[in-house]
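Number of protein chains: 2
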Amino acid sequence: MHHPSEQNYIQQLSIDCVIFGYHEKQLKVLVPKLDFNGDFWAVPGGFVYQNEDIDAAANRILQERTGISEIYLEQFYVFGKAARNSLEFIDKLISLNPERLTGNGLNRKEYDWFTRRFVSVGYYALVDINKVTPQKTDLDESINWYNIKELPGMIMDHNAIAAKALDALRLSLDEKLIAFNLLPETFTMKEVQELYETIFDKPFARNNFQKKILDLNVLERLDKKFTGAANKAPFLYRIKK
Amino acid sequence: MHHPSEQNYIQQLSIDCVIFGYHEKQLKVLVPKLDFNGDFWAVPGGFVYQNEDIDAAANRILQERTGISEIYLEQFYVFGKAARNSLEFIDKLISLNPERLTGNGLNRKEYDWFTRRFVSVGYYALVDINKVTPQKTDLDESINWYNIKELPGMIMDHNAIAAKALDALRLSLDEKLIAFNLLPETFTMKEVQELYETIFDKPFARNNFQKKILDLNVLERLDKKFTGAANKAPFLYRIKK
DNA sequence: GCAAAAGTGTTATTAATACACCCATGT
DNA sequence: ACATGGGTGTATTAATAACACTTTTGC
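Taken in order, these protein sequences are the chains called A and B. Quick note: the first sequence uses the UniProt record's numbering, first residue 1, plus one each step. Quick note: the second sequence uses the UniProt record's numbering, first residue 1, plus one each step.
Dropping the structure here:
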């Protein structure tokens, strides 16, 4: 693999993706940890090829880490402060990993490329967490789902990016019907409600919630789901085709 | 003035500003016409200096054209298609202006710089049209306010950018209290209503509208405005400090 | 006094929230 | 039978839209 500095990328433009998943009443974000000494977490990101739409670049980055395509994806903000560079991060990285990053590891040209100011387009993605098998790149030590409320301290402004992504998600959830991207193919009404409660961090009345969602007229009711529990079996739903 | 290609700009990144004004029941956009043969209109735009926030760059571009600072400004979308370049436009420009743009006018380096693919951050601005004295740059033949519904055919995707800006404006108008940026210091309730009716292109009931706006609790009522008309004088309002 | 337009109150409609009840299920 | 959780209907409240009336202004 060539270094980014040698690739045909647009310079000083990056993409950062906040990948949201949902599991057991928790809104989660997929965050890789870098395979270097020092604890460096960073939201999946990358650069844009000269002949590539920025949306396509975001898709490519997402596919790399999640293994799935056709992901729901939304551009939500451009981070463009002049002071926005990775100088501090890279210097720390090098000082903690001298054997790998000095001499041949990271030459002057590459160092300069990485530490320049970058304008970053923020995307958030909504995925069915069951369909994803998190993929490490060759720069990752691990990649894991973290509760949005318990994100590790990430490099640069990545924690702020994640926070802004959550804001944007909440705003668009009300207007568009995108929440279902976080759920599996079929689901019960209670699961939908719990998802909303998790995202907005507040409770909804059961009966009114059901009415509201069904009134959207986008769900079709399937068979009941018998769990073996000693109570009425809930219906399963899925998005109308 | 130096050519952009020689300036210390971020490469392949541009800013495009849709400047909204309001006058006589019309939502208007400030559009310069280029000082070249051929009818080329283009939304005010520019590039970002290495040590400049993108918001600051947008502000600078706005100030150049409007003469005022402290403009309400909102980033609304990033236009990042791979095919997004000005090749067609520039070639047409050169063919229609050979005397100025061939030879020393526009050298190879500059031509390459201009015709590369650009990722553009779209901003919209809301200004009090009375406070603005439209300023030509040395590349402009004229600069004028055009009704949003009667915009000239602009270069590249600038008409699509303007359309998207209007969409974004409508969306945020409901949530935030930004409409008043389009009005003068003091205004009557009817003027507010007409502004809303213009932006959303639909009528509002007078009494209900008044109630809705006053219930926002952001306006303070001033003296009446006597116009000499043979009817009840309306109150003037202004934003509470 | 009258026409024009502003201001306000009152009713009707609709949407959001709260409350109550019944139903299916496994032990 | 009964505890548990699901589904739905009704009442209450609040928000929105529709309707009606009064007031101010200059001629």
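Cβ coordinates follow ideal geometry from the N, Cα and C atoms, glycine included.
Query	Result
If I measure Cβ to Cβ from B/G45 and keep anything under 8 Å in the same chain, skipping five residues before and after, which residues do I get?	S14, I15, D16, C17, I61, S120
Less than 8 Å between CB atoms is the rule here; does B/E185 satisfy it with respect to chain A?	no
Less than 8 Å between the C-beta atoms of A/K28 and A/N147, yes or no?	yes
Using 8 Å as the Cβ pair cut-off and three pairs as the minimum, do the stretch 126–146 of chain B and the stretch 95–102 of chain B touch?	no
Please identify, using Cβ separations under 9 Å, the residues of the stretch 75–95 of chain A that lie next to chain B, in order along the chain.	Q75, Y77, V78, F79, G80, K81, A82, A83, R84
Mark B/A230 as exposed unless 16 or more other C-beta atoms lie within 10 angstroms of its C-beta, in which case mark it buried.	exposed
Under 8 Å: do the stretch 99–116 of chain B and the stretch 53–69 of chain B share three or more Cβ pairs, one atom per stretch?	no
Quick one: using the 10 Å Cβ neighbour count with 16 as the cut-off for buried, is A/R65 buried or exposed?	buried
Mapping DSSP to helix, strand and coil, what is A/L222?	strand
So that I know if they touch, is there some Cβ in chain B lying closer than 8 Å to that of A/R221?	no
So what's A/M1 in DSSP terms, helix, strand or just coil?	Because the pLDDT at A/M1 is just 46, under 50, the model does not fix this residue reliably, and the value given afterwards should be weighed accordingly. Reduced to three states, the DSSP call for A/M1 is coil.
Any idea if B/I161 is buried or exposed, counting beta-carbon neighbours within 10 angstroms, 16 or more meaning buried?	buried
I need the boundaries of the beta strand (DSSP E) containing A/D39, first residue and last residue.	Neither: A/D39 is in no beta strand (DSSP E) and is coded neither H nor E.
Given this structure, state the Cα-to-Cα distance separating B/Y237 from B/I178, to the nearest angstrom.	15 Å
Could you please give me the residues that DSSP links to B/R238 through a beta bridge?	B/E220
Distance check for B/G38 and B/L171, CA to CA, integer angstroms please.	36 Å
Between which two residues does the alpha helix (DSSP H) containing B/V43 stretch?	Counting along the chain, B/V43 falls outside any alpha helix (DSSP H), and DSSP gives it neither H nor E.
Evaluate B/V218 with the Cβ neighbour count: other Cβ atoms within 10 Å of its Cβ, from every protein chain shown; 16 or more gives buried, anything less gives exposed.	exposed
For B/D53, return the contacting residues in chain A, with the cut-off set at a CB-CB distance below 9 Å.	G80, K81, A82, A83, R84
Which residues, in chain order, does the stretch 110–132 of chain B contribute to contact with chain A at a C-beta distance below 7 Å?	R117, V119, V121
Between A/Q11 and chain B, is the shortest Cβ-Cβ distance under 8 Å, so that the two count as touching?	yes
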